[in-house]
C-alpha cells in the first residue's frame, strides 16, 4: 500500500538502570526486550517510509522529553514533535501514571500530571509499560487520562501489569506492520499486544491491551476507536470531551 | 544481584512418554491458500478474490474476508473484516463461557480447523468497548466479541508457547468472525522416548539467563511441562519437550519499590539431549551509544 501521509516517529526505551545513582529513583530493576519492542516499531515504520525522528535508549531517554514546558520539560521538541511516540519500560499508576528513567534529566520519574499530550503534534502514544490503567472502571480510565490527553487521538497501553518475553517481543514490529498496511490502529494494537504466550498461564491474566480514543462527541471518539488509521493524522481532536476505549480480557 | 524466589515446590520429573518430533515444512503456496479458502467456505479462486504476497506472508482477499498464511510457521489467520473486532454500535454478547465453547466447537468441527480430540479449551476471553463523557458522567460498556482459545495436545501432553494454539472469535450471535491457528504439522519422530532433565536443572537455567547483575526480586511462579511451539513468524524444525516458567519481577529500589514491574516467561528444553535451544541467547546489556548531549 502506498503511503499517503508521513508520520513522524520517535521511540524511547530502557533495559538497564544504574544500581547506585545519586537519585535512588533512577535505580530500577533491569529488564529485557524493551529495545526489541520499541526499536521493532521504529524500524518497521522507517522501512515503510515514515520519518524516524528519535530513538533514545537507556541513559539517553529523558523525562524532559515527555514533560510539558509548563512543568519545566521539553516535550514540544521531542515526544510532542512527532506524530507517533512509543515508550517501552517501567510504568506504574501512583497518584498519576508514572514512567521510569535511568538518568535525572531532570527527573528519574515522570508523572502524567506533567504531560500535555498532543498540545503540539503528537497524535498517538504507546505506553508499552505496566499499568496504563489499573482496571477498566470508567471513572478510573477517565480520571487517569482525560487531563493529559490534550489533542492526542489514541493512547495505547495495558491494563495492570504487562509482560515481555522472547516470544512477544515482536509486538512493536507487528503493530507497525499492521498499521502501515492500513489496519485500524486500535484493533491492530489489541491484536499485536494481547498475549498469545501466557494465555496458557491458567489463573493468571495475560497481557491485556487497551486502546483509549478521545473525541469531541461520542460519535467522534467511537469513530476514532473503531476506524482511525494513520491516514487520520490531520483529523484533530479539538478537545477531549469523550473517551472511547476497547480492551480484550 | 536480583533475588530469585521460586514460589512453588518443584514438580517431580515428568513420567510421561515424550519424543522429539521433526516438523513438516509449512505448506505456504497459492494453491494451499486457495484450498484453505474453500475449506473456510469462500469461492477460493483468482476470479473471486485477489492474492497478495510479501516476504512474511501470503494473503487471499475475497470481499471483506481475509485469509493469511505466515510463511515461517504456516500459521493461519481468517477474518471477516466486516465483523472481526468491529463494534456495530449496538450488539452485546450475553452468552456465557459454556455456550461460547459449544459454539466454537461447532465451528471448529464444521471447518475442520483443528482436531478437537487433540486439543483442550485453555481460555475464553471477551472484547469490551466503552465510552464515557466528561460533563454528564454518561458511561456505556458492552462486550462485542468472544474469543475461545484451544491448546494443542500431542499424545496428551499440552503444547506451550505462542504456537500450538487455535483461537475462534464469535459475535453476539455465536457466529464466527475469525480464526487464528498456529499448529505445525508433525512429520516424523526424530528421537523416541527422550530422557528428561530434572526440573531443578531448569531452575538453574533461570538464574544463568536472567543474570546476577542489578536489583529486584524475580519470582518464578510456576513450572509447567509440555511441548513448545513458537509463534507466527518463527521457523521451527523440531517440536520438543520444555519446562515453561512464568515469572514476575518486583522492583526493590526507588519509586517502584514493592511494585511488580513486569511479567515474563523463561523456557528451557527439558530433554537431556535437546535439539538446539528454545530461547534466544541472553540479551547483551550494552548502553545505547553515543551518549546524548544537552541540546
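Residue numbers (this note's numbering), protein chains in the order written: chain A, 476 to 724; chain B, 5 to 299. Glycine is no exception: its CB is placed at the ideal position from the N, C-alpha and C atoms.
For residue 145 of chain B, the uninterrupted beta strand (DSSP E) segment begins and ends at 143-158. Cβ-Cβ distances below 8 Å link residue 544 of chain A to 550, 551 in the same chain, with the five nearest sequence neighbours on each side left out; the list follows chain order. Interface residue (Cβ-Cβ distance to chain A less than 8 Å): residue 152 of chain B is not classified as such. At a cut-off of 8 Å between beta carbons, residue 518 of chain A makes no contact with chain B. Residues of the same chain with a CB within less than 8 Å of the CB of residue 495 of chain A, apart from the 5 flanking positions on each side, are 502 in chain order. Excluding sequence positions up to five before and after residue 18 of chain B, its CB lies within less than 7 Å of the CB of 200, 229, all in the same chain and listed in chain order. Shown here for residue 254 of chain B: same chain residues with a beta carbon closer than 6 Å to its own, the five before and five after excluded, namely 221, 264 in chain order.
For the segment 144-231 of chain B, the full-length alpha helix (DSSP H) segments reaching 4 residues or more read 203-214 along the chain. Taking a Cβ-Cβ cut-off of 9 Å, residue 562 of chain A has no neighbours in chain B, whose nearest Cβ is about 14 Å from it. Around the CB of residue 615 of chain A, fewer than 16 other CB atoms lie within 10 Å, so the residue is classed as exposed. Counting of Cβ neighbours within 10 angstroms places residue 507 of chain A among the buried residues, the total reaching 16 or more. Pairing residue 665 of chain A with residue 722 of chain A, the inter-Cα distance amounts to about 7 Å. Residue pairing from DSSP places residue 57 of chain B in a beta bridge opposite B/62. Taking all protein chains in view, the Cβ of residue 60 of chain B is surrounded by fewer than 16 other Cβ atoms within 10 Å, so the residue is classified as exposed. Here the alpha carbon of residue 612 of chain A sits roughly 34 Å from the alpha carbon of residue 110 of chain B. A Cβ of chain B is located within less than 8 Å of the beta carbon of residue 503 of chain A. For residue 522 of chain A, the enclosing alpha helix (DSSP H) has its first and last residue at 509-522. With 16 or more other Cβ atoms inside 10 Å of its own Cβ, residue 83 of chain B counts as buried.
Taking 8 Å as the upper bound for CB-CB distance, residue 292 of chain B and residue 535 of chain A are in contact here, some 5 Å apart. By the Cβ criterion, the segment 159-168 of chain B is not in contact with the segment 86-93 of chain B, since fewer than three pairs of Cβ atoms, one from each stretch, lie closer than 8 Å. Of all alpha-carbon atoms in B/23, B/119, B/181, B/66, the one lying nearest the alpha-carbon of residue 55 of chain B is that of B/66.
Note on geometry: alpha-carbon atoms of residue 37 of chain B and residue 165 of chain B lie some 25 Å from one another. For a Cβ distance threshold of 7 Å, residue set 567 of chain A lies close to residue 263 of chain B, ordered along the chain. At a cut-off of 8 Å between beta carbons, residue 543 of chain A makes no contact with chain B.
For residue 104 of chain B, the enclosing alpha helix (DSSP H) stretches over residues 101-115. The beta-bridge partner set that DSSP reports for residue 118 of chain B is empty. Between residue 603 of chain A and residue 587 of chain A the beta-carbon gap is near 15 Å, outside 8 Å, which marks them as no contact.
If you draw a straight line from the Cα of residue 524 of chain A to the Cα of residue 510 of chain A, it is about 21 Å long. Here the alpha carbons of residue 252 of chain B and residue 658 of chain A stand approximately 32 Å from one another. Per DSSP, residue 717 of chain A is not a residue of any alpha helix (DSSP H); the beta strand (DSSP E) it occupies stretches across 717-723. Nearest neighbour of residue 97 of chain B by Cα position, chosen from B/179, B/287, B/63, B/21, turns out to be B/179.
Nearest Cα to residue 526 of chain A within the set A/484, A/685, A/662: A/484. At a cut-off of 8 Å between C-beta atoms, residue 246 of chain B does not count as an interface residue with respect to chain A. Within chain A, the C-beta atoms nearer than 9 Å to that of residue 134 of chain B come from 611, 613, 616, 718, 719, 720, 721, 722, in chain order. Contact between residue 134 of chain B and residue 231 of chain B does not hold, since their C-beta atoms are separated by about 39 Å, which reaches or exceeds 8 Å. Look at residue 626 of chain A here: in three-state DSSP terms it is coil, with no helix or strand label.
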